[in-house]
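Each residue of the sequence shown is one higher than the one before, starting from 1 at the first, in full-length UniProt numbering.
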Amino acid sequence: MTGTTDSASGRTVAGRYTVVRKIADGGMASVYEAEDNRLGRTVALKIMHAGLAQSEHSEEYTERFHREARSAASISNPHIVPVYDTGMYEGRSFLVMELIHGVTLRQEMNVRKNFSIHDTIRILTQVLDGLAAAHQSHVIHRDIKPENIMIATQGVIKITDFGLAKATSQATLSSTGMLLGTASYLAPETIESNYSSTQTDLYSVGIMGWEMVTGHVPFISGNPVTVVFRHVHDDVPALESIDPSVPHTFSGFIASLAARKPEDRPEDAAEALRQIRILSRSLSPAQLAVKIPYSAGPGNKDVPSRTGKLGHQIRQAALPSHTDTPSAASSSTARTVRGSRNSGDPHYAADTRKETTWPAPVSPYTAHDRRSSTTGRLPAADGAGPSSGPSGTSAAQETVLSRSRKIPSRLRRILIGAGLLAAAAIAAVLWWIFAGPGSYYVLPVAADGQCTSNATTSTQSCTIRNSDFAAYRSALESSGIPYTASYAYSDTVPKGKIISSSPDTAGTHISKRGGHLTIVVSRGIKMITIPSDITDPKTSNGKNPLAALKKLGFTNISHDSSKDSYSLTIPKGAVISISPSPGKTLRHNARIEIALSLGKKAVAMPDIEGLKWNKAKAMLDEAKLKVTMKEEYSSTVGKGHVISASLKAGAQIHWNDTVTVVVSKGPETVTVPDVTGMDFTRARSVLEDMGFTVVQKNTLGIGKTVSSQSIEAGSKVTIMDGSGKPREIVLTVSLFSW
């Protein structure tokens, strides 16, 4: 892409984008290379022409700019040229986009003329990937054509110019009713009803793919009205009818994209992308390498003439309709059609198709008219020359009249005979083409096919089932029979052999007009690996192992619920045991035995109060409970016996639940202190703090000093007596001090 100098060079737009050079001019805008001063990157700057910004339709042109920005910004895909910014500059809208170094598909087609099947699929796959992202974002492009497809220097395909794009919820093309887009790529529903959908984009992709393979669009005319008329009323010719070397499946895919009825096309670009990826994998290297001889279109003298049905289809696809037919005065002159310049995004090269010429169709009546209007002198009879006298003139006239009466009769017989012969020949040819051997393919016999004999009719019937597909495919391709092969697992048919086909008997006739052979090839028996994490209850496979095995395709899973068991550690429903072991690869119908966990078993809390601790512990262990033991003093429960438990006897619990048990240490003992000589109040406080009950006994005397205590100092006693009450100590207090 080359640049030119421009008066805008050096200017800064929106205080951020400095124009470096002009890249291209178009019908709506000019595109410049510019520097983004804020982010330090090179960008493409698209500025609307001043004339459009000031025209009476300025609002619609501005809306188209804004629509392009919104549409591109809503899509994130490597095959969509992103729009970075938008705004106004001197009253004109502008867009800031990624600068693509490369050429448009149109420029590449002008150089290469047409593409191989491989290159066409490679480009269309990327285009459909970008459109799938657009359709997922509810955006319809509505102007897919080679001028809007960029090929970057790295070979990456980029879709540009979303100026005509609209949301899928806004079906019509424009509020003003204008039919926008390029005639050669418009879908029939757009032309007829001003309606567009995701399938409208696919029609344009189909026409573009057709053009990439052949080097020209299917419908060509100097009059756009004729082109759109044919899009509405004519089917796009199948590529395999243009050249039989085009693979049938590829031809069918392009035909489905370019089907006249939207419902006959894929639902959206995502579905078309899925189909072309499957198609790409199904084609052999030889099929992918097919590149048909280039033809510039109808009337190209380099194109070899074709006869029969194929030639008729080519002429029907190429010749303009009757609305194009020139007047008689110019019917013998060559017609010139000049490709229209791209009126879309000036960001990329305009359509630069050269003039293409072809002879105008000749009326079948031309020769007759010419013959009937031709005058001339008839030859004289018996070699006599012309006479200047009356008698000579009369004799010549009589001879002429005599011959004129005889010649038509003889000529009539000759013409009738020739006509009958021609009719017979035509009938034979028509029979051969439409009903005879020329109308069908014969399904070949497989080298390893199985045949059965009929003794009554002395005939043999051979099936292609269980035959080696690789070998049989060569026979099909040699015969030119269109076929579709799919693959499926089989428990009985070895890998690579044919499971079934329609038709399946060798010698069956397959019509050349829409007939097709479908084959299902065996992948062999399905082998599946038992997941290594099937025993881990933390994984999705381990949480529901039976469902996981069924989802993988195992068909012989044996789960005997009587072998399921309770588990302290394995959650309910997880694997207790499985055979074969995880990680093993086996046939899908191999027997798998599996036992599952019932989880923790429900048990009743045993009655352990008053029992000796070792017996209580054994009962708790049998119930598989976690036990926490605490010891406390007790004057009522003997040492080593259970005082209490955190759970009541008979409570419903489960294995591994926790229970706290309190075991008696026996009664608590203390050493009695010596409180004699102490003031009674202080002595009582000391003893009560230890848990004793203090009783005062008075004697004669002066004062309140403890003179004696009922329990001797230094004695070891229990705080509680046998009845569980605090032990009593009597303190004798003297009232008088001697």
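Yeah, the Cβ is synthetic: ideal placement off N, Cα and C, and Gly gets one too.
Residues near residue i by beta carbon distance below 6 Å, same chain, minus five either side
| i | result |
| --- | --- |
| T693 | P726 and E728 |
| S710 | I729 and V730 |
| G724 | S635 and T636 |
| L288 | I117 and H118 |
| E211 | V217 |
| D85 | V96 |
| K716 | T669 and T671 |
Coarse secondary structure for residue i, derived from DSSP in three states
| i | result |
| --- | --- |
| F94 | strand |
| V603 | strand |
| L283 | coil |
| A485 | strand |
| G252 | helix |
| residue 745 | Given that the chain is displayed from residue 1 to residue 738, the structure contains no residue 745 and the question cannot be resolved. |
| E609 | coil |
| L131 | helix |
| E192 | helix |
| I619 | The sequence as given places Met at residue 619; Ile does not occur at that position. Three-state DSSP puts M619 in a helix. |
| P262 | helix |
| D119 | helix |
| V225 | helix |
Residues near residue i by beta carbon distance below 7 Å, same chain, minus five either side
| i | result |
| --- | --- |
| Y294 | K113, N114 and G215 |
| R265 | Q199, L202, Y203, S256, L257 and A259 |
| Q652 | A602 and A604 |
| E189 | Y195, T200 and P262 |
| T42 | E33, E35 and L99 |
| V442 | G507 and H509 |
| I108 | In the sequence as displayed, the identity of residue 108 is Glu instead of Ile. Excluding positions up to five away in sequence, the list reads I151. |
| A683 | V675, V706 and L731 |
| L687 | V675, V694 and I729 |
Nearest-angstrom Cβ-Cβ length linking residue i and residue j, presumed shorter than 8 Å
| i | j | result |
| --- | --- | --- |
| S597 | I576 | 5 Å |
| C462 | T508 | Incorrect: roughly 10 Å between the Cβ atoms, too far for contact. |
| E632 | K665 | 6 Å |
| P237 | V290 | Going by Cβ atoms, the distance from P237 to V290 rounds to 17 Å, so no, they are not a contact pair. |
| R16 | N37 | 6 Å |
| I140 | S193 | Not confirmed; about 15 Å, so no contact. |
Cutoff 8 Å; reference residue i; Cβ partners in own chain excluding five residues on either side
| i | result |
| --- | --- |
| R523 | Y487, A488, Y489, S490 and K495 |
| M48 | M28, A29, Y61, T62, F65, R92, S93 and F94 |
| I144 | V127, L131, I159, Y185, D201, S204, V205 and M208 |
| I534 | N541, G542, P545, A548, L549, V575, I578 and P582 |
| Y440 | H509, I510, S511, K512 and G515 |
| M527 | T585, L586, R587 and H588 |
Spatially closest choice to residue i from the options, by CA coordinates
| i | options | result |
| --- | --- | --- |
| E63 | S93, L39 and A73 | S93 |
| G677 | P667, V663, V706 and I653 | V706 |
| P437 | N466, L420, T484 and R513 | R513 |
| Q136 | T104, S74 and E192 | S74 |
| D679 | P82, V96, V733 and S280 | V733 |
| D657 | S284, P606, V156 and R684 | P606 |
| E147 | S502, K716 and D161 | D161 |
| I719 | K648, M690, T249 and H588 | M690 |
| I557 | I530, K543, V521 and H641 | I530 |
| E482 | S565, P537, G252 and T456 | Going by the sequence as given, residue 482 is Pro instead of Glu. Nearest of S565, P537, G252 and T456 to P482, Cα basis: G252. |
| L273 | Q154, V139 and R122 | R122 |
| S567 | G553, T518, V445 and K624 | K624 |
| V156 | H138, D268, G610 and V103 | V103 |
| Y89 | T12, S58 and D536 | T12 |
| S280 | I254, A50 and S474 | I254 |
| H641 | K626, K648, W613 and G650 | W613 |
| H233 | N223, D243 and F219 | F219 |
| A447 | A470, A133 and K46 | A470 |
Distance CB(residue i)-CB(residue j) smaller than 8 Å
| i | j | result |
| --- | --- | --- |
| V659 | A616 | no |
| L124 | G209 | yes |
| I592 | P580 | yes |
| K563 | A595 | yes |
| S241 | A485 | no |
| Y472 | I498 | yes |
| S467 | G449 | yes |
| N589 | T628 | no |
| K572 | G553 | no |
| H101 | T153 | yes |
| V81 | A72 | yes |
| A50 | I23 | no |
| L517 | S532 | no |
| V213 | I278 | no |
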